[in-house]
Amino acid sequence: MKELQHLNKYFYKYKTHLVIGIVITIVARIFLLFTPRYVKKIFVIIENAFKNNATEAAVKADLTEAILYIIGAAVVGGILTFFMRQTIINVSRYIEYDLKNEIYEQYQKLSLNFYKKNRTGDLMNRITEDVGRVRMYAGPAIMYSINTVALFVIVIIYMVNASPKLTLYTILPLPILSIIIYKLSKEIHKRSTIVQEYLSKLSTFTQESFSGISVIKAYGIEPQTALNFNTLAKESKDKQIDLNKVQAWFFPMMILLIGTSNLLVIYVGGMQYINGEIKSIGTIAEFIIYVNMLTWPVATVGWVTSIVQQAEASQKRINEFLKIVPEIKNNNANHSEITGDVQFKDVNFTYDDTNIQALKGISFHIKPGDTLAILGKTGSGKSTVLDLVGRLYDIDQGSILINDTEIADLNLVDLRNNIGYVPQDAFLFSDSIKTNIKFGKHDATDEDVIEAAKNAQVHKNIIKFNKGYDTILGERGITLSGGQKQRVSIARAIIKSPKILLFDDCLSAVDTETEEKILNNINKISKGKTGIIVSHRISAAKNADKIIVLDHGKIVQEGTHDTLINTDGYYKELYLKQLSENTANPL
15 MKELQHLNKY
25 FYKYKTHLVI
35 GIVITIVARI
45 FLLFTPRYVK
55 KIFVIIENAF
65 KNNATEAAVK
75 ADLTEAILYI
85 IGAAVVGGIL
95 TFFMRQTIIN
105 VSRYIEYDLK
115 NEIYEQYQKL
125 SLNFYKKNRT
135 GDLMNRITED
145 VGRVRMYAGP
155 AIMYSINTVA
165 LFVIVIIYMV
175 NASPKLTLYT
185 ILPLPILSII
195 IYKLSKEIHK
205 RSTIVQEYLS
215 KLSTFTQESF
225 SGISVIKAYG
235 IEPQTALNFN
245 TLAKESKDKQ
255 IDLNKVQAWF
265 FPMMILLIGT
275 SNLLVIYVGG
285 MQYINGEIKS
295 IGTIAEFIIY
305 VNMLTWPVAT
315 VGWVTSIVQQ
325 AEASQKRINE
335 FLKIVPEIKN
345 NNANHSEITG
355 DVQFKDVNFT
365 YDDTNIQALK
375 GISFHIKPGD
385 TLAILGKTGS
395 GKSTVLDLVG
405 RLYDIDQGSI
415 LINDTEIADL
425 NLVDLRNNIG
435 YVPQDAFLFS
445 DSIKTNIKFG
455 KHDATDEDVI
465 EAAKNAQVHK
475 NIIKFNKGYD
485 TILGERGITL
495 SGGQKQRVSI
505 ARAIIKSPKI
515 LLFDDCLSAV
525 DTETEEKILN
535 NINKISKGKT
545 GIIVSHRISA
555 AKNADKIIVL
565 DHGKIVQEGT
575 HDTLINTDGY
585 YKELYLKQLS
595 ENTANPL
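Under the working numbering, think of the first position of the sequence shown as 15, with each following residue one higher.
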């Protein structure tokens with residue numbers, strides 16, 4: 015139960031609902047216990063009628079009174095049971111809501127390193143399947159536990175008052191039940207953990223398969239993918255069956271032990287009645303009802319135990335992520351003014367997941383309103399520079415200054431709100447084109463959206479769709495072409511009018527003519543804004559105020575376009591190569 019202690023703060027939050035639910039539960043059980051007592055009274059009425067030769071009218075009157083009490087108690091007990099469920103079960107839904115929000119907020123705080131080490135399917139499984147199992151503990155398990163304890167205590171008190179000796183024989187099988195539950199619970203916990211792990215594997219496999227369905231179809235590997243899924247599903251099924259085999263022992267054992275109790279009541283109670291220790295045979299009928307009233311609560315002990323064990327296994331998986339301390343923290347709660355002055359001083363950075371040193375002693379300075387272009391071979395560290403400006407990672411050595419302030423000392427929200435970032439792999443959400451563009455500025459007007467789309471040279475493409483800007487995109491923007499996705503992503507970045515614009519080779523999927531138009535528009539709207547452009551094309555870099563060339567994480571060339579084309583090195587070679595390609599393939 016150690017892992018489930020995490021939920022105590024939520025139980026405290028909704029303590030009023032729980033207390034009301036507990037009170038209602040106890041009162042409901044008391045009303046339901048009117049039935050066995052009045053059943054006994056009916057037997058006593060009948061016995062007395064035979065002994066005392068009571069009149070038929072008197073017997074009918076007494077029987078009617080007893081039956082009305084039974085019906086009334088049952089109705090009141092039923093109503094109270096309804097409200098019991100409304101209070102306690104509702105609490106479980108509140109806790110489910112809060113826990114999902116807590117997990118989601120934690121996911122958002124965790125760094126990119128976390129997402130590189132964990133799969134999306136597993137993350138989804140923990141916030142859905144695992145939370146669902148925890149909810150069963152926070153609602154049904156607690157409700158039936160309270161119900162069982164309340165009923166058990168009240169019934170035992172009533173039974174002891176009626177016949178202490180018969181009560182002792184009736185509850186004799188219960189210690190055996192406790193031992194069985196203890197043994198089975200340990201095994202259920204172990205197997206539940208394994209089941210949840212396999213559910214995560216299934217979620218991950220299916221999520222990746224659906225996301226990469228175009229690749230699967232292109233390579234014609236549907237049969238192999240289906241075979242792999244069947245293998246994983248079979249393993250998951252086998253683990254679930256292993257768990258069910260253990261859980262299947264509970265109810266047969268309950269029925270056996272309850273049946274034994276009934277037999278003991280009939281036999282021992284019958285002998286006591288014969289020997290005169292029990293005055294009325296109605297006491298035996300009363301005890302049989304008591305035993306059968308305990309059947310479901312006692313039976314739920316196994317079910318509740320199973321739920322608790324599964325919930326603990328799930329909460330343990332949830333806690334693993336909740337206990338992770340985010341690597342990137344907002345160290346400044348005060349407002350930070352961002353003007354766009356960016357300076358790297360001898361920056362070194364190594365990726366934790368691969369242990370690859372991406373940057374080695376990088377230094378440069380961009381003044382507000384200036385543009386820096388970064389070129390270099392694949393893997394030279396270009397994109398890493400942009401990630402560090404947005405503080406998606408913290409550096410190992412050196413310093414990054416924004417407005418002459420260490421980047422780690424700036425308000426993280428203010429920093430990122432003043433950055434417009436266009437990644438190389440344009441990611442669009444499964445929503446309308448308009449919403450995807452407004453993602454950069456939620457309060458943007460339709461005119462703002464259209465203006466941003468025009469500047470990104472994608473407006474003419476959008477209006478050709480049947481629903482225009484209201485067109486719903488498929489997953490990851492699959493409805494659009496690669497170039498269209500990049501341009502919508504550019505529109506999303508520029509609509510917020512940030513102080514710093516970061517472009518990560520975001521024009522690789524557009525033709526040179528469209529690229530030239532987009533760059534001209536960006537130059538117009540980015541006046542007074544700091545820009546960093548990562549590209550493999552000289553055309554995207556030539557108008558920058560400053561250009562640096564990276565190779566294996568180091569700056570190997572630095573200067574303006576005019577300076578670098580007249581200096582031997584990577585930039586000049588790339589310039590001559592692309593110049594000859596454009597000459598050989600004129601528009």
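Glycine included, every Cβ here is placed at the ideal spot set by N, Cα and C. All of these numbers come straight from a predicted model, not from anything done at the bench.
Original post:
beta strand (DSSP E) containing VAL548: first to last residue?
Top reply: Per DSSP, the unbroken beta strand (DSSP E) holding VAL548 starts and ends at 544–548.
Original post:
How would you call GLY35, buried or exposed, if buried means at least 16 neighbouring beta carbons within 10 angstroms?
Top reply: Under this definition GLY35 is a buried residue.
**OP:** Alpha carbon to alpha carbon, how far is ARG331 from GLU116? Give it in angstroms, no decimals.
**Re:** Spanning the two alpha carbons is a distance of roughly 14 angstroms.
Original post:
For ASP518, which residues of its own chain have a beta-carbon under 6 angstroms away from its beta-carbon, when the five flanking residues on both sides are left out?
Top reply: The answer, listed in chain order, is SER397, LEU400, PRO437, GLN438 and VAL548.
Subject >> Proximal residues to ARG149 (C-beta, below 6 angstroms), its chain only, five neighbours per side dropped >> reply: Same-chain partners within the cutoff: SER106 and GLU110.
Original post:
Is the distance from the Cβ of VAL563 to the Cβ of ILE376 below 9 angstroms?
Top reply: Not closer than 9 angstroms, so no.
**OP:** Please classify LEU386: is it buried, with 16 or more other beta-carbons within 10 angstroms of its beta-carbon, or exposed?
**Re:** By the Cβ neighbour-count rule, LEU386 is buried, with 16 or more other Cβ atoms within 10 Å of its own.
Original post:
Between PRO512 and ILE464, which are expected to be in contact by the criterion C-beta below 8 angstroms, what is the C-beta distance as a whole number of angstroms?
Top reply: In fact, because the Cβ distance is near 19 angstroms, the residues do not count as touching under 8 angstroms.
**OP:** May I ask you to list the residues that DSSP assigns as paired with GLN411?
**Re:** Residue pairing by DSSP places GLN411 opposite ASN362 in a beta bridge.
Subject >> Neighbourhood of GLU17 by C-beta distance below 7 angstroms, restricted to the same chain and skipping five residues each side >> reply: Within the same chain, GLU17 has close Cβ partners GLU326, GLN329, LYS330 and ASN333.
Original post:
Among the residues of its own chain, which have a CB less than 8 angstroms from the CB of ASN450, if the five just before and after it don't count?
Top reply: Same-chain partners within the cutoff: LEU442, PHE443, LEU487, GLY491, VAL502 and ARG506.
Original post:
So who's on the other strand from ILE569, going by DSSP bridges?
Top reply: BP columns for ILE569 point to LEU564.
**OP:** Helix, strand or coil for THR419, going by three-state DSSP, please let me know.
**Re:** Here THR419 sits in strand by DSSP.
Original post:
For the putative contact between SER177 and ILE292, defined by C-beta atoms under 8 angstroms, what is the C-beta separation to the nearest angstrom?
Top reply: With a Cβ gap of about 6 angstroms, SER177 and ILE292 count as contacting.
Original post:
Relative to the C-alpha of ASN127, which residue among VAL339, LEU241 and GLU61 is closest?
Top reply: Out of VAL339, LEU241 and GLU61, VAL339 has the C-alpha closest to the C-alpha of ASN127.
Subject >> TYR435: first and last residue of the uninterrupted beta strand (DSSP E) it sits in >> reply: From DSSP, the beta strand (DSSP E) with TYR435 extends over 433–436.
Original post:
Quick one, which of GLY482, CYS520 and THR485 has its alpha-carbon nearest GLY497's?
Top reply: Cα-wise, what sits closest to GLY497 is CYS520.
Original post:
Candidates ARG147, GLU249, ASP423 and SER320: which alpha carbon is nearest SER199's?
Top reply: Distance check between SER199 and each of ARG147, GLU249, ASP423 and SER320 places SER320 closest, using alpha-carbon atoms only.
Original post:
What's the C-alpha gap between ILE141 and LYS114?
Top reply: Roughly 6 angstroms between the two C-alpha positions.
Original post:
Can you tell which of PHE335, ILE272, HIS31 and LEU406 has its C-alpha closest to the C-alpha of HIS20?
Top reply: In this structure, PHE335 is the residue among PHE335, ILE272, HIS31 and LEU406 with its C-alpha nearest to the C-alpha of HIS20.
**OP:** Please confirm whether THR101 and ILE38 have their CB atoms less than 9 angstroms apart.
**Re:** Pairing THR101 with ILE38 gives a Cβ-Cβ distance under 9 angstroms.
**OP:** From the DSSP output, in three-state form, read off PHE615 for me.
**Re:** An answer regarding residue 615 cannot be provided, because it is not within the stretch 15 to 601 covered by the chain.
**OP:** Report the three-state DSSP secondary structure of GLN471 (helix, strand or coil).
**Re:** Residue state, collapsed to three classes: coil.
Original post:
Near PHE219, which residues of its chain fall below 8 angstroms by C-beta distance, leaving aside the five closest residues on each side in sequence?
Top reply: GLY135, ASN242, PHE243 and LEU246.
Original post:
Expressed to the nearest angstrom, what Euclidean distance is found between the alpha-carbon atoms of ASP462 and ILE509?
Top reply: Whole-angstrom Cα-Cα distance: 7 angstroms.
**OP:** Using a threshold of 9 angstroms, state whether the C-beta atoms of ILE208 and ASP144 are closer than that.
**Re:** In this structure, ASP144 does not lie closer than 9 angstroms to ILE208 by Cβ.
Original post:
Does the region 42–51 come close enough to the region 73–93 that 3 or more CB-CB pairs lie under 8 angstroms?
Top reply: These segments touch.
Subject >> Touch test, the region 339–349 against the region 222–234, Cβ-Cβ under 8 angstroms, three pairs minimum >> reply: No, because fewer than three Cβ pairs between the region 339–349 and the region 222–234 fall closer than 8 angstroms, the two stretches do not touch.
Original post:
The beta strand (DSSP E) spanning LEU373 covers which residue range?
Top reply: Looking at the DSSP string, the run of the beta strand (DSSP E) that includes LEU373 is 371–380.
Original post:
With respect to the beta strand (DSSP E) encompassing ALA155, which residues constitute its N-terminal and C-terminal limits?
Top reply: Looking at the DSSP string, ALA155 is not in any beta strand (DSSP E), and its letter there is neither H nor E.
Original post:
From the DSSP output, which residues share a beta bridge with LEU389?
Top reply: Beta-bridge pairing links LEU389 to VAL563.
**OP:** Reducing DSSP to helix, strand and coil, say where ILE34 ends up.
**Re:** Residue state, collapsed to three classes: helix.
Original post:
Can you name the start and end residues of the alpha helix (DSSP H) that LYS179 belongs to?
Top reply: First-last of the alpha helix (DSSP H) with LYS179: 178–184.
Original post:
Can you tell me whether TYR26 is buried or exposed, with buried defined as 16 or more other CB within 10 angstroms of its CB?
Top reply: The residue is exposed, with fewer than 16 neighbouring Cβ atoms inside 10 Å.
**OP:** Flag this pair as yes or no: are the beta carbons of LYS560 and ASP384 separated by less than 9 angstroms?
**Re:** A contact, by the Cβ cut-off of 9 angstroms.
Original post:
If you run the structure through DSSP and keep just helix, strand and coil, what is SER206?
Top reply: Residue state, collapsed to three classes: helix.
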